[in-house]
Amino acid sequence: MDANLRSLREKLGGDETKISDYFRDTLEDRHIHGVENMAESASFPRTTNVWQQEIDEIPNSTIMKSFFLAAFAATLALAPYVAAHGSVHKIVIDGKEYDGPAVGKGPLSGSPIRAISEVDPVKGATNPSLSCGQNASLADTTASANPGSQLQLFWINGQGGPWPHNAGPIINYMASCGGNDCSQFDASKAEWFKIEQSGVQSDGTWEQAALMQGQPFSLTLPENLKPGGYLLRNEIISLQLAMSSGGYESYPSCSQLLIGGNGNGVPDETVQFPGAYSDNDPGLLVNIYPLAGPYVFPGGPISNLASSAASGMTGGSNNTSSAGGGAGSASSAAPSAASSSAAKPSATASLASAPASASSPASTKTCGSKKRMAKRHIRHASH
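Each number in my numbering corresponds to the 1-based position in the sequence shown with 58 added.
This is the structure:
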């Protein structure tokens with residue numbers, strides 16, 4: 059058997075299901091992004107013919123071979139489709155809905171969501187599209203919001219179904235547009251401050267997994283934002299291929315907001331995209347099968363603007379929140395940080411998360427909406 063395949067088996071602990079899922083995701087990405095491009099970000103053979111040769115070397119008597127053959131056949135059948143990736147198709151701000159532009163169709167009149175050219179993930183920490191998504195274009199609308207506003211962002215896959223991935227963080231940033239109008243603001247010049255980050259829950263599943271059930275990501279804006287125009291950067295990072303440098307998949311989406319009120323808060327620390335990440339950051343170059351210890355979020359700490367509004371709750375560093383956020387039903391808004399008072403035990407055990415295919419339903423959550431939302435008000439913990 060090829061040394062690369064042996065290495066893969068070791069990295070995934072010999073778990074046949076996880077190995078077959080890795081094959082599926084890798085083959086699908088190679089078809090969509092190009093064999094040579096994918097080969098640069100993964101230290102494995104460059105063609106599907108080589109994958110087949112490696113599968114042929116597995117003894118017929120092993121269960122693993124049946125897993126590989128099934129994954130290989132399924133991948134070839136699904137490869138022409140783009141359901142494995144996705145975008146934001148709607149944002150709700152204090153109950154007001156704004157549809158997002160269709161991918162590849164340019165801006166949608168009346169939408170504050172910046173349009174992207176394709177559903178493919180942004181690859182590489184120096185990619186200019188890391189700011190707001192693939193070749194993101196300006197939106198013609200800046201939606202009204204206030205400090206403490208409740209937002210829900212709905213993610214879909216490339217075919218219009220639920221979000222397809224279940225492993226990796228969701229991170230939210232904001233940046234001042236320097237005035238009241240973001241419709242002409244260049245995101246490459248943005249100074250971003252982090253307002254929220256979500257990772258692994260106490261049951262070992264990632265918050266991202268709830269999006270696979272069609273649930274939105276809910277977010278509460280910081281309570282002391284200074285009035286003016288802001289970009290909101292809502293980013294999903296998928297880590298199913300992150301065991302190789304540059305293998306992680308970033309899906310950033312930017313929405314234009316006009317914040318009212320009379321707040322006076324300004325961030326103490328900002329970052330830029332590209333620039334905030336390195337392909338070798340611990341949270342981007344990581345084997346999550348299983349995740350050994352607390353997840354280390356990329357992109358710096360949560361801003362003073364957001365953390366100052368957080369409750370006094372304690373918790374593990376796998377899940378942190380500031381002004382509040384989380385995946386929940388469209389009708390269930392995230393509570394403000396100040397309204398939450400129940401403490402949550404710290405998660406200290408090693409956490410594992412299994413990859414899921416775009417066509418497979420997510421496992422059913424056992425916790426209710428209130429529990430899911432309350433756990434998001436954990437103060438940022440150092441790693």
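The beta carbon of each residue, even a glycine, is placed where N, CA and C say it ideally should be. As the structure is a computational prediction, the values presented were derived from the model and not from experiment.
{"Asked": "Please list the segments of the beta strand (DSSP E) lying wholly inside the segment 154 to 236, counting only runs of 3 or more residues, in order along the chain.", "Found": "154 to 157, 201 to 203, 208 to 215 and 228 to 234"}
{"Asked": "Report the rounded CA-to-CA distance for I171 versus G162, giving the unit in angstroms.", "Found": "13 Å"}
{"Asked": "Cβ of A201 within 8 Å of Cβ of Q314?", "Found": "yes"}
{"Asked": "In this structure, how does DSSP classify A367 when only helix, strand and coil are distinguished?", "Found": "Confidence in A367 is poor, its pLDDT being 40 and thus under 50, which makes the residue's placement unreliable; the coordinate value appears in the next sentence. If DSSP states are grouped into helix, strand and coil, A367 belongs with coil."}
{"Asked": "Mind checking N338: buried by the 16 CB within 10 Å criterion, or exposed?", "Found": "exposed"}
{"Asked": "Buried or exposed: E307, going by 16 or more other Cβ atoms within 10 Å of its Cβ?", "Found": "buried"}
{"Asked": "Measure how close the beta-carbons of Y288 and S234 come, nearest whole angstrom, since I'm counting them as under 8 Å.", "Found": "6 Å"}
{"Asked": "Look up N292 in the DSSP assignment and say whether it is helix, strand or coil.", "Found": "strand"}
{"Asked": "Note down, in chain order, each residue of its chain lying with its Cβ closer than 6 Å to the Cβ of V344, except the 5 sequence neighbours on either side.", "Found": "A300"}
{"Asked": "What does the Cβ neighbour count give for S189, buried or exposed, with the cut at 16 atoms within 10 Å?", "Found": "buried"}
{"Asked": "My output table needs one value for P138: the three-state DSSP class, helix, strand or coil.", "Found": "With a pLDDT of only 39 at P138, under the threshold of 50, the placement of this residue in the model should not be trusted, and no figure is reported."}
{"Asked": "Is it a yes or a no for the segment 220 to 230 touching the segment 264 to 284, going by three-plus beta-carbon pairs under 8 Å?", "Found": "yes"}
{"Asked": "Which whole-angstrom value describes the C-beta separation of H147 and I214, a residue pair presumed to lie in contact below a C-beta threshold of 8 Å?", "Found": "5 Å"}
{"Asked": "Nearest to L211 by alpha carbon, out of I346, L279, S361 and V354?", "Found": "L279"}
{"Asked": "Measuring only the C-alpha atoms, how far is Q208 from S276?", "Found": "7 Å"}
{"Asked": "In angstroms, rounded to a whole number, what distance separates the CA positions of A183 and P332?", "Found": "6 Å"}
{"Asked": "Compute the distance between the beta-carbons of G358 and V324, then report whether it is under 8 Å.", "Found": "no"}
{"Asked": "Assign S418 to one of two classes, buried (16 or more other C-beta atoms within 10 Å of its C-beta) or exposed (fewer than that).", "Found": "With a pLDDT of only 37 at S418, under the threshold of 50, the placement of this residue in the model should not be trusted; the figure read from the coordinates follows. S418 is exposed by the Cβ-count criterion."}
{"Asked": "The beta strand (DSSP E) spanning W250 covers which residue range?", "Found": "W250 to S256"}
{"Asked": "Can you round the beta-carbon distance between G168 and T199 to whole angstroms, since I take them to be within the 8 Å contact cut?", "Found": "5 Å"}
{"Asked": "Taking just the CA atoms, how far does V258 sit from L342?", "Found": "15 Å"}
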